[in-house]
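What follows is a single structure, written as structure tokens, with notes after it.
There are 2 protein chains.
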Amino acid sequence: MSKLTLKQIAAHFGVAVSTVSKALHDSYEISESLKSQIKAYAIEHNYRPNRLAISLLNKNTKTIGVVIPNILNYFFVQVLFGVEKEANKKGYSIITCSTNESFEKEEQTLEFLRSGAVDGLILSTVAKGGQYKVHQKLLGQLLEDGMQLVLFDRVIEDVACDKVVVDDVEAGYKATKYFLDTQCQSVAVVNPIPESNISQLRIEGYKKALAERDILFDPKLIVDVDKQTDIDLSLSFLLNYKTITAIMVLDEITAVQVMQIVRTRGYHVPNDIAIIGFTNGQLSKYVTPSMTMISQHGSYVGETAAKVLIDRIERKDGKMPFKTKIIKTSLLVRESTKPRL
Amino acid sequence: MSKLTLKQIAAHFGVAVSTVSKALHDSYEISESLKSQIKAYAIEHNYRPNRLAISLLNKNTKTIGVVIPNILNYFFVQVLFGVEKEANKKGYSIITCSTNESFEKEEQTLEFLRSGAVDGLILSTVAKGGQYKVHQKLLGQLLEDGMQLVLFDRVIEDVACDKVVVDDVEAGYKATKYFLDTQCQSVAVVNPIPESNISQLRIEGYKKALAERDILFDPKLIVDVDKQTDIDLSLSFLLNYKTITAIMVLDEITAVQVMQIVRTRGYHVPNDIAIIGFTNGQLSKYVTPSMTMISQHGSYVGETAAKVLIDRIERKDGKMPFKTKIIKTSLLVRESTKPRL
DNA sequence: CTGTTAGCGCCTTCAC
DNA sequence: GTGAAGGCGCTAACAG
Chain W
1 MSKLTLKQIA AHFGVAVSTV SKALHDSYEI SESLKSQIKA YAIEHNYRPN RLAISLLNKN
61 TKTIGVVIPN ILNYFFVQVL FGVEKEANKK GYSIITCSTN ESFEKEEQTL EFLRSGAVDG
121 LILSTVAKGG QYKVHQKLLG QLLEDGMQLV LFDRVIEDVA CDKVVVDDVE AGYKATKYFL
181 DTQCQSVAVV NPIPESNISQ LRIEGYKKAL AERDILFDPK LIVDVDKQTD IDLSLSFLLN
241 YKTITAIMVL DEITAVQVMQ IVRTRGYHVP NDIAIIGFTN GQLSKYVTPS MTMISQHGSY
301 VGETAAKVLI DRIERKDGKM PFKTKIIKTS LLVRESTKPR L
Chain F
1 MSKLTLKQIA AHFGVAVSTV SKALHDSYEI SESLKSQIKA YAIEHNYRPN RLAISLLNKN
61 TKTIGVVIPN ILNYFFVQVL FGVEKEANKK GYSIITCSTN ESFEKEEQTL EFLRSGAVDG
121 LILSTVAKGG QYKVHQKLLG QLLEDGMQLV LFDRVIEDVA CDKVVVDDVE AGYKATKYFL
181 DTQCQSVAVV NPIPESNISQ LRIEGYKKAL AERDILFDPK LIVDVDKQTD IDLSLSFLLN
241 YKTITAIMVL DEITAVQVMQ IVRTRGYHVP NDIAIIGFTN GQLSKYVTPS MTMISQHGSY
301 VGETAAKVLI DRIERKDGKM PFKTKIIKTS LLVRESTKPR L
């Protein structure tokens, strides 16, 4: 019925538990005949050592926790994929927690995860503004407890741990420069994640590209939208304000929506208005016209985070300086932009 | 540095470990003054009990394992979402494993998960053909070990456990009937998952709908495709073979691809050819024209599976008959089909 | 009120 | 060759 234990095997053979343990570990101390008998019995009855007991003993669980803001977001799923791939390769399994963009849920999750269930944590936080302080404390405690931590994508600068981030400044720069290189001089930005510092970095890159061409930055060309906003209306203002020849949209779904709205209004994409979206996922490839995207290589981000984390977990010496890995993005050119000449 | 234990607290106060344990559990046996001292110390130093030890003691881990074939498939992500939501509500966390459509990986994963890390398992298998036998044995062993198991979506009939399945026959029927009700009498099927028994069920529903209208079933209208197949070519054969007015495509990405190919060849969607896709995800809503889909309510499937599993885990008496829950699908009508009059 | 004992399942060290 | 003892961190039953 219930799980077979060493004790039960020992009882069955009338020997001590430690004898069975040694036999199953093929110790030279045990006679061949007893070993083979015990092994045969174990196999026949499907013995499996209890990981909990083993973890308790050697203080590692061979498990890493991954905390992401939203499991329905394809970027994070890609990260998850990468983490799992790398972790499995090294004999770890992962326990996944989605915080649904809620800071409270994230706190609860971290609280839960700190109680010995995992050897290390890979986290993309939802904290913003004043919540950073709370987190610095909470994460600080985790680190004190000896928990290994890798922050990725949405990181908190002041926490002393390894980090894996996307080069968002460069991404914004790259997208903007592509527009400027393809006869699109009037570039607007639609920002569906205004509260995130990531969007600020991308806009920084955008400004840099403009500056290189001596184009004056116009804040009115940055359109913040959120779930409450009527994108349609915001775009109206934008398009009436000035002739726009290119739009950089800071996520995938919004990019597709923007493209549809723009087309509905009779603009041709890319000839009238070119569009580049962020965070390459499943959508952009299959819409019509297919959309040029900044790919963040989520799965690579995940792999890297897992690699860094496991490396630190398994390195005994400990005092390795923390490093921040910066993952470069790529521009996937498709049909929503004009070709480079 | 490392985690604080009861033992350390006990040493600090010069009392016994059990005293500390009782104090932290607010036992009436301990003097108020000692209790408050110990509690204060625990809070100050951030004491957290070790879950591993507790799990070992009461033989439950408050964790459930979820094994899915592919984490990049939106349906499974939705299921995951549902499972997590329900599990968290009941105080469980989940450990996620993706088997990447590989039977070997699935076996390894199950092997791993059986060693005491989880109280129960929610599984959608990738097994097919001869692999069923292997699995019946493996899953049988798991059940013997006292592991609770819920199979979902891709289930194995002969395993004695709870199941949550989508009503695929009805889904196929519903889609086909919608075509027939909207002046599309010549309905083809594109099947990107021919090895799965799910596709057979959907086709069964398709046949049922045809039979109701006395339309003869023509096997040539069923087009199997897989990753190796050139969809473009397969569709050529189909469209040359007969005038087709509707296509039912058994997954989302293929549905979008089929629609694009069909449109490229000059057919109007939905007037010349109407299309219904399966497994509503992120794509179908945003393509042009937006696509009518069968929604399988993945998140509801997940919730249900979690509910059933946790129910069984927590019910002590045990001998509850196994049940199979059938989740109904919905038809989300969008622009790729003609409206019902 | 507080401590001792025993045990969850396993492994390691040391003694026989 | 085999077994006994100790311990990972915790709780529960039983002593004192």
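So the sequence lines, in the order shown, correspond to chains W and F. The UniProt record's numbering numbers the first residue of the first sequence as 1 and each following residue consecutively. The UniProt record's numbering numbers the first residue of the second sequence as 1 and each following residue consecutively. The beta carbon of each residue, even a glycine, is placed where N, CA and C say it ideally should be. Just so it is clear, the structure is predicted and the values come from calculations on it, not from any experiment.
Complete runs of the alpha helix (DSSP H) confined to the stretch 54-79 of chain W [at least 4 residues]
none
Between 67/F, 126/F, 92/F and 74/F, which has its C-alpha nearest residue 110/F's C-alpha?
67/F
Where the alpha helix (DSSP H) containing residue 7/F begins and where it ends
6-13
Taking the alpha helix (DSSP H) that residue 342/F falls in, what are its first and last residues?
Since the first and last residues shown for chain F are 1 and 341, residue 342/F lies out of range.
Chain-ordered chain F contacts of residue 49/W [CB-CB under 7 Å]:
115
Within 8 Å (strictly less), CB to CB, does residue 286/F reach chain W?
yes
Measuring alpha carbon to alpha carbon, tell me which of 245/W, 309/W and 102/W ends up nearest residue 426/W.
The structure shown does not extend to residue 426/W, since chain W spans only 1 to 341, so no value can be given for it.
Go ahead and label residue 73/F buried or exposed: buried means 16 or more other beta carbons lie within 10 angstroms of its beta carbon, across all protein chains shown.
buried
Bounding residues of the beta strand (DSSP E) (the contiguous stretch that carries residue 163/W)
162-166
Could you have a look at residue 225/F and say whether DSSP puts it in helix, strand or coil?
coil
At a Cβ cut of 8 Å, what residues of the stretch 144-178 of chain W count as close to chain F, listed as they run along the chain?
144, 145 and 146
Does DSSP put residue 191/W in a helix, a strand or coil?
strand
Does the separation of the CB atoms of residue 314/F and residue 277/F fall below 8 Å?
no
Go through its chain and collect everything with a Cβ distance to residue 57/F's Cβ below 7 Å, but skip five positions before and after it.
none
Name the chain F residues whose beta carbon is nearer than 8 Å to that of residue 96/W?
80, 84, 94, 95 and 96
Answer yes or no: do residue 209/W and residue 176/W have a C-beta to C-beta separation smaller than 8 Å?
yes
Under 6 Å Cβ to Cβ from residue 235/F, same chain only, skipping five residues before and after it: list those, please.
261
Looking at the strands, I want to know which residues DSSP matches up with residue 123/F.
67/F and 151/F
Is the beta carbon of residue 178/W closer than 8 Å to that of residue 337/W?
yes
Between the stretch 86-95 of chain F and the stretch 300-309 of chain F, can you find at least three pairs of beta-carbon atoms closer than 8 Å?
yes
Is there a Cβ from chain W that is less than 8 Å from the Cβ of residue 112/F?
yes
For residue 1/F, I'd like the list of residues in its chain whose CB is within less than 8 Å of its CB, leaving aside the five on either flank, ordered along the chain.
Unreliable positioning characterises residue 1/F in this predicted model, as indicated by a pLDDT of 42, which lies under 50. A coordinate reading is not provided.
Determine the closest residue to residue 13/F out of 42/F, 29/F, 76/F and 167/F, with distance taken between C-alpha atoms.
42/F
Between which two residues does the alpha helix (DSSP H) harbouring residue 205/W extend?
197-212
Report the residues of the stretch 54-81 of chain F with a CB closer than 8 Å to any CB of chain W, ordered along the chain.
55, 56, 61, 63, 71, 72, 74, 77, 78, 80 and 81
Is there contact between the stretch 160-174 of chain W and the stretch 223-239 of chain W, where contact requires at least three CB pairs shorter than 8 Å?
no
Residue 102/F lies in the beta strand (DSSP E); which residues open and close that run?
That residue, residue 102/F, is in no beta strand (DSSP E); it is neither H nor E in DSSP.
Three-way DSSP call (helix, strand, coil) for residue 274/W in this model
strand
Among 298/W, 327/W and 270/W, which has the Cα closest to the Cα of residue 334/W?
270/W
Please classify residue 336/F: does DSSP put it in a helix, a strand, or coil?
coil
Going by C-alpha distance, which of 248/W, 51/W, 146/W and 23/W is nearest residue 193/W?
248/W
Cβ pair residue 134/W, residue 150/W closer than 8 Å:
no
Residue 282/W to residue 283/F span [Cα, whole Å]
7 Å
Based on the DSSP secondary-structure assignment, which residues constitute the bridge partners of residue 283/W?
Beta-bridge pairing links residue 283/W to no other residue.
Quick one: using the 10 Å Cβ neighbour count with 16 as the cut-off for buried, is residue 264/F buried or exposed?
exposed
Buried or exposed by the 16-neighbour rule on C-beta atoms within 10 Å, applied to residue 240/W:
exposed
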